[in-house]
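Asker: Numbering (this note's numbering), first residue to last: 43 to 308.
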Amino acid sequence: ATFGRLLLTGAAGGLGQQLRPRLAKYARHVRLSDIADLAPASGPHEELFQTRLEDSQAMLALLEGVDAVIHLGGISVERPFDEILQANIVGVYNLYEAVRRQGVRRVVFASSNHVTGFYRQDEVIDTKAPPRPDGLYGVSKAFGENLAQFYYDRYGVETVSIRIGSSFPVPRDARMLATWLSYDDLERLVARALLAPVVGHTVIYGVSANTVKWWDNRHAAHLGYVAQDCSEPFREEVMAQQVPLDPQDPASYAQGGAFVRAGPFE
Ligand code: NAI
Ligand code: 15L
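(1) Using the beta-carbon count (16 or more within 10 Å), is residue 255 buried or exposed?
(2) Identify the continuous alpha helix (DSSP H) that holds residue 221 and give its terminal residues.
(3) Assuming residue 186 is part of the alpha helix (DSSP H), what are its boundary residues?
(4) Between the region 165-184 and the region 221-236, do three or more beta carbon pairs fall short of 8 Å?
(5) Taking 5 Å as the limit, tell me which residues put their C-beta closer than that to any heavy atom of the ligand NAI, in chain order.
(6) Which residues mark the beginning and the end of the alpha helix (DSSP H) in which residue 108 is found?
(7) Around the Cβ of residue 99, are there at least 16 other Cβ atoms within 10 angstroms (buried) or fewer (exposed)?
(8) Beta carbon of residue 299: closer than 7 Å to some heavy atom of the ligand 15L?
(9) Closer than 7 Å to a non-hydrogen atom of the ligand NAD - does that hold for the CB of residue 243?
(10) With hydrogens ignored, establish whether the beta-carbon of residue 156 is closer than 7 Å to any heavy atom of the ligand 15L.
(11) Taking residue 145 and residue 52 to be in contact with their CB atoms under 8 Å, please state how far apart those CB atoms are, rounded to whole angstroms.
(12) On the CB-based measure, 16 or more other CB atoms within 10 Å of its CB, does residue 305 come out buried or exposed?
(13) Between which two residues does the alpha helix (DSSP H) harbouring residue 232 extend?
(14) Could you tell me which of 89, 71 and 70 sits nearest to residue 79, measuring between CA atoms?
(15) Can you grab the Cα-Cα spacing for the pair residue 85 / residue 75, in whole Å?
(16) Taking residue 124 as part of the alpha helix (DSSP H), name the residues at either end of that continuous run.
(17) Can you give me the start and stop residues for the alpha helix (DSSP H) that residue 295 sits inside?
As structure tokens, this is what we get:
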């Protein structure tokens, strides 16, 4: 194993449950955290922490002795601002402060395609395109990416911000034929984000080798990520199930899909 100790936040979530067993081959100790219960440990290599991202003292303790962290914890969809503020803005700040104070070398940050969700599906963007968040959730992920850049420039903490597309067992609708990230490709990408020798702050779209492409990862070639899966074998089944979309509805032509019209919640 390359690492002494890796930390995975958000370990009880959809992607956390996928990565949890897969991280054992990269580290002697895998520390897992969430607000949700993570028990039972699946072996002596696992360390379980029930920690709220809002709790700065608990976060400092969580990061002690950690070599690198994969930060998946937080709100993962559009929600009222106060929830986003606490989990994704205060939470990611507490994470980076704990990382800095404990001398952790690298962060893999689960950003989102919703940082650029208001670009159109008929354009191809690269990671230097200005953010166009499609909601407060996307704004909070843009904040996390900016914080990552600041902690690199100011303190030398390295981050790979992965703008994850849609990571599910299979693509669920026509949009996901372009945005799908298989779980095996997710693992490949996280492994490169952890192991690439020099990353500074690198932003990359987390997507499989799908035929329909909206995102160009040329500025992240130094990570050495090569996707091996493709959504195309699911096309027929997905299109047969697809509910027809109103072409005037931004959800049908924006890259962020239905996120572009989520909320407000009052
Ligand atoms: P999820 O919602 O299933 O998991 C998030 C986890 O974070 C949950 O287990 C939750 O209990 C925990 N959490 C939430 N608030 C917390 C707090 N205040 N303190 C501590 N823990 C807290 O989300 P999923 O799908 O597993 O995504 C993981 C990460 O990847 C999220 O940051 C999400 O925004 C990001 N992402 C996921 C995508 C996907 O396709 N699954 C796409 C784009 C981004
Ligand atoms: C996200 O950021 C969400 O966390 C996830 O649940 C999916 O909806 C995904 O984006 C997507 O865009 O499909």
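All C-beta atoms, glycine included, are put in the ideal place defined by N, C-alpha and C.
Answerer: From the atom records:
(1) Counting Cβ neighbours within 10 Å, residue 255 comes out exposed, since fewer than 16 surround it.
(2) Element bounds for residue 221: 218-221.
(3) Note, residue 186: alpha helix (DSSP H), 178-197.
(4) At 8 Å Cβ cutoff, the stretches do not touch.
(5) This criterion selects 52, 54, 55, 56, 57, 76, 77, 78, 94, 95, 114, 115, 116, 118, 129, 152, 154, 206, 208 and 209.
(6) No alpha helix (DSSP H) holds residue 108; DSSP gives it neither H nor E.
(7) By the 10 Å Cβ count, residue 99 comes out exposed.
(8) Taking the Cβ of residue 299 as the reference point, at least one heavy atom of the ligand 15L falls within a distance shorter than 7 Å.
(9) Of the ligands this structure carries, namely the ligand NAI and the ligand 15L, none is the ligand NAD.
(10) Within 7 Å of the C-beta of residue 156 there is at least one heavy atom belonging to the ligand 15L.
(11) In this structure residue 145 does not touch residue 52 by the C-beta definition: roughly 22 Å separates them, more than the 8 Å allowed.
(12) Exposed.
(13) Taken as a continuous stretch (DSSP letters only), the alpha helix (DSSP H) holding residue 232 covers 225-237.
(14) The candidate whose alpha carbon is nearest that of residue 79 is 89.
(15) Straight through space, the alpha carbons of residue 75 and residue 85 are spaced by roughly 15 Å.
(16) Residues 123-126.
(17) Counting along the chain, the unbroken alpha helix (DSSP H) around residue 295 starts and ends at 292-295.
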